[in-house]
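Just so it is clear: in the sequence shown, position 24 is 934 by our numbering, and no numbers are missing. Below is one structure, written out as structure tokens; comments come after it.
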Amino acid sequence: MSTDDDLLIFEAAESTHVGMLREVNQDAVFLTTDVFVVADGMGGHAAGDIASALAVASIADMIRMAGVDDLVDAVKAANKSIMKRAESEPELKGMGTTVVALASFIEADVQHLALVNVGDSRAYRFSGDELSQLTDDHSLVADLVRDGMLRADQAEHHPQKNILTRALGIEHDVRVDSWVYQPVPGDRYLLCSDGLFNEVSEVGIADVLREYSNPDEAVAELVAQANAHGGRDNITVMLVDVTDPSATDPGDGRASEEDVIEPEEAVATEEPTEEELHERQLSASASDVPAARSEKFSLRRMFRRQKGDSNGSTH
Ligand code: MN
């Protein structure tokens, strides 16, 4: 078995901000020492806040994290709890949320990072001075780019860029993309809502990650730049630095053969189809309610998290 001495640790920082134009922050963020979640809620009144908080709470309540399937199941549980709430409270009809989450687990004595995504929040990895987007956006515009119908630069300012093709709270069965990576000391994983990358270019994001080695300073600078560029949406940024606590020299301390295993790219857990295009403000088709999970996704707990983890309003 691994001893604690062998384990990498994850030094994380997050910042969430309402932005310059919106009145409410409907993004939600949650982190522990080894679970990291960003969600971007949508829906009128309090609905978007509730959807993103429910997503975060479902992942926070994961009973075990023994593999990527556990994280996928937590996202599916989040979807069910959001749909159940929307069906039981008419004023919440149409609420939905994105979710992107990273969590570490140990399998056969080896540490891994599981990543899941639904919607158009993103995960990036900054490694070897290069920033790569790990997730695919589930949006109409991203589909058009993938199909060669739009160039990336045309997509950036496309009027329909806010139309999502997948989100939690839309359908009883949600397809969850998932990947497994090998954590490498020095790598930085960035989770963010679209309020960041719609305002700050990837070149700009990489510049900040290069310049600010302290994760708290890096997330603060990214949020500040998003606001300086307009801050037209809520902005949430979480940075997760993979760190070897036993390395004396962070540069080349303990590189072993294990550290250089290539990331294992897993495919989406289910095959995408092309049928659904959903607007962000979309009415949930509320018919047969699935048996809900336990009471642990309760409103009180959710608001407690929301208050603690973001500067959102208190209700
Ligand atoms: Mn957003």
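We treat Cβ as the ideally placed atom computed from N, Cα and C, and that holds for glycine. None of these values were measured; they are calculated from a predicted model.
Residue state for Val1110 is assigned as coil, using DSSP reduced to three classes. At a Cβ-Cβ threshold of 8 Å, Val1026 and Leu981 count as neighbours. Assignment of Asp979 by DSSP, reduced to helix, strand and coil, places it in the helix class.
Beta bridge pairing from DSSP links Ile1145 with His927.
Proximity annotation: ligand 1 has residues Asp950, Ser1103, Asp1104, Gly1105, Asp1143, Asn1144 in chain order, each selected because its CB is closer than 6 Å to a heavy atom of the ligand. In the three-state reduction of the DSSP assignment, Asp1151 falls in the strand class, which pools E and B. Less than 8 Å divides the Cβ of Ala1033 from the Cβ of Val1010. Here Ser1123 is exposed, its C-beta having fewer than 16 other C-beta atoms within 10 Å. DSSP places Glu933 outside both helix and strand once states are collapsed to three, so it counts as coil. No Cβ-Cβ contact shorter than 8 Å links Ser1088 with Val947. Under the 10 Å beta carbon count, Thr1007 is surrounded by 16 or more other beta carbons and is classified as buried.
Look at Ile919 here: in three-state DSSP terms it is strand. DSSP links Ser1088 through a beta bridge to Val1026. DSSP lists Arg1035 as the beta-bridge partner residues of Ser1042.
With a 10 Å radius around the Cβ and a threshold of 16 neighbouring Cβ atoms, Gly1141 comes out buried. Rounded to the nearest whole angstrom, the CA to CA distance from Ser1037 to Asp1154 is 15 Å.
Nearest to Val1020 by alpha-carbon distance, out of Asp916, Ser1031, Ala1134, Ser1156, is Asp916. A distance of 8 Å or more separates the beta carbons of Ala996 and Lys986.
Under the three-state reduction of DSSP, Met993 is assigned to helix. With a cutoff of 8 Å on beta-carbon distance, Gly1029 and Leu1060 are scored as not near each other.
Here Arg974 is exposed: its Cβ has fewer than 16 other Cβ atoms, across all protein chains shown, within 10 Å.
With a 10 Å radius around the Cβ and a threshold of 16 neighbouring Cβ atoms, Val1084 comes out buried.
Per DSSP, Ser968 lies in no beta strand (DSSP E); the unbroken alpha helix (DSSP H) holding it starts and ends at 957-970. Beta bridge pairing from DSSP links Gln1021 with Ile1016. Distance from Ala967 to Gly951 at the Cβ level is roughly 12 Å; contact not present, criterion being Cβ atoms closer than 8 Å.
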